[in-house]
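Residue numbers (this note's numbering), protein chains in the order written: chain H, 1 to 113; chain W, 1001 to 1113.
A quick write-up on the structure given underneath.
Okay, structure coming up:
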């Protein structure tokens, strides 16, 4: 069965700290990879996506993610977090020949000033 | 541009009652999805639809019914609500299969007492 793992369930950082959130998936073949963000009280929004090409993907608000095929990973990074980055972050994977996204369980990020 | 809307935003119902959650999108997207979000489980797909009159089960379809008579609407019905269906429900849409990116509604918080 497809699975997407986010090992960090809750991350607490101070402003200006660097962030890396892990995402691993469990199957091979062609995949399309996404990170979504859910700010408190809001709906999910796309942060960035990877379909093909350069494995280092840049998204909105200074976020980036690196696809490492050999490690089945798509980790999210930001060099310097802000208080406004407090949110829940979801990794999602689409296997290339299906219609569906499989979401990880999410990582709650709290950033303190 | 209304995008994707859900109604009601909050609902409290009793065990055994039928409840319908509405989802409407103004983009004419082909694909629509229903997810439930629960602590520790992230987002789980309930049902999805590739086009009007085409629906398919997701990961957790039991106890739910969907229909899609018009492209823009995708209602989700709980035929006989149970406490385990207390959750936040998100509707999403996607323009076509090649995009895979999904756009989410604001969610409906359902409590079954």
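The beta carbon of each residue, even a glycine, is placed where N, CA and C say it ideally should be.
Computed from a predicted structure; not experimentally measured.
Are any of the Cβ atoms in chain H nearer than 8 angstroms to that of residue i?
{"i": "residue 1029/W", "result": "no"}
{"i": "residue 1041/W", "result": "yes"}
{"i": "residue 1090/W", "result": "yes"}
{"i": "residue 1045/W", "result": "yes"}
{"i": "residue 1079/W", "result": "no"}
{"i": "residue 1010/W", "result": "no"}
{"i": "residue 1025/W", "result": "no"}
{"i": "residue 1052/W", "result": "no"}
Whose C-beta lies closer than 8 angstroms to the C-beta of residue i among residues of the same chain, with five residues either side of it excluded?
{"i": "residue 1114/W", "result": "Outside the displayed span of chain W (1001 to 1113) sits residue 1114/W, for which this structure offers no information."}
Could you check whether the Cβ of residue i sits closer than 8 angstroms to any Cβ belonging to chain W?
{"i": "residue 19/H", "result": "no"}
{"i": "residue 30/H", "result": "no"}
{"i": "residue 104/H", "result": "yes"}
{"i": "residue 109/H", "result": "no"}
{"i": "residue 76/H", "result": "no"}
{"i": "residue 101/H", "result": "yes"}
What do you get for residue i, buried or exposed, if any count of 16 or more other CB atoms within 10 angstroms of its CB means buried?
{"i": "residue 1004/W", "result": "buried"}
{"i": "residue 35/H", "result": "buried"}
{"i": "residue 982/W", "result": "Outside the displayed range of chain W (1001 to 1113) lies residue 982/W, so it cannot be described from this structure."}
{"i": "residue 53/H", "result": "exposed"}
{"i": "residue 1103/W", "result": "buried"}
{"i": "residue 1062/W", "result": "exposed"}
{"i": "residue 107/H", "result": "buried"}
{"i": "residue 32/H", "result": "buried"}
{"i": "residue 1113/W", "result": "exposed"}
{"i": "residue 1084/W", "result": "exposed"}
{"i": "residue 1087/W", "result": "buried"}
{"i": "residue 87/H", "result": "buried"}
{"i": "residue 83/H", "result": "exposed"}
{"i": "residue 112/H", "result": "exposed"}
{"i": "residue 1100/W", "result": "buried"}
Assuming contact is defined by CB atoms lying nearer than 8 angstroms, are residue i and residue j in contact in what I supplied?
{"i": "residue 1065/W", "j": "residue 1079/W", "result": "yes"}
{"i": "residue 67/H", "j": "residue 50/H", "result": "yes"}
{"i": "residue 1071/W", "j": "residue 1028/W", "result": "yes"}
{"i": "residue 72/H", "j": "residue 8/H", "result": "no"}
{"i": "residue 19/H", "j": "residue 93/H", "result": "no"}
{"i": "residue 1020/W", "j": "residue 1081/W", "result": "no"}
{"i": "residue 1039/W", "j": "residue 1090/W", "result": "no"}
{"i": "residue 96/H", "j": "residue 29/H", "result": "yes"}
{"i": "residue 1077/W", "j": "residue 1037/W", "result": "no"}
Can residue i be considered in contact with the ligand NAP, in the sense that its beta carbon sits closer than 7 angstroms to one or more heavy atoms?
{"i": "residue 1031/W", "result": "The ligand NAP is absent from the structure shown, which contains no ligand whatsoever."}
To which residues of the same chain is residue i closer than 6 angstroms at the C-beta, ignoring the five residues directly before and after it?
{"i": "residue 1073/W", "result": "1024"}
{"i": "residue 1111/W", "result": "1012 and 1086"}
{"i": "residue 1032/W", "result": "1049, 1074 and 1093"}
{"i": "residue 13/H", "result": "81 and 111"}
Give a yes or no on whether the minimum CB-CB distance between residue i and chain A is below 8 angstroms.
{"i": "residue 13/H", "result": "The structure shown contains no chain A; its protein chains are H and W."}
Excluding the 5 residues preceding and the 5 following residue i in the sequence, name in chain order all residues of the same chain whose CB lies nearer than 7 angstroms to its CB.
{"i": "residue 45/H", "result": "36 and 37"}
**Request:** Can you give me, in chain order, the residues of the segment 79-99 of chain H that have a beta carbon less than 7 angstroms from any beta carbon in chain W?
**Result:** With the criterion set as a beta carbon lying under 7 angstroms from some beta carbon of chain W, the members of the segment 79-99 of chain H are 90, 94 and 99, in sequence order.
Please list, in chain order, the residues of the segment 43-69 of chain H that have any C-beta partner in chain W closer than 7 angstroms. 43, 44, 46 and 49
task = Using a Cβ-Cβ cut-off of less than 9 angstroms, give me the residues of the segment 1058-1075 of chain W that come near chain H, in sequence order.
result = 1058 and 1059
Give the residues from the segment 1096-1110 of chain W that approach chain H closer than 7 angstroms (Cβ to any Cβ), ordered along the chain. 1097, 1100, 1101, 1102, 1104, 1105, 1106 and 1107
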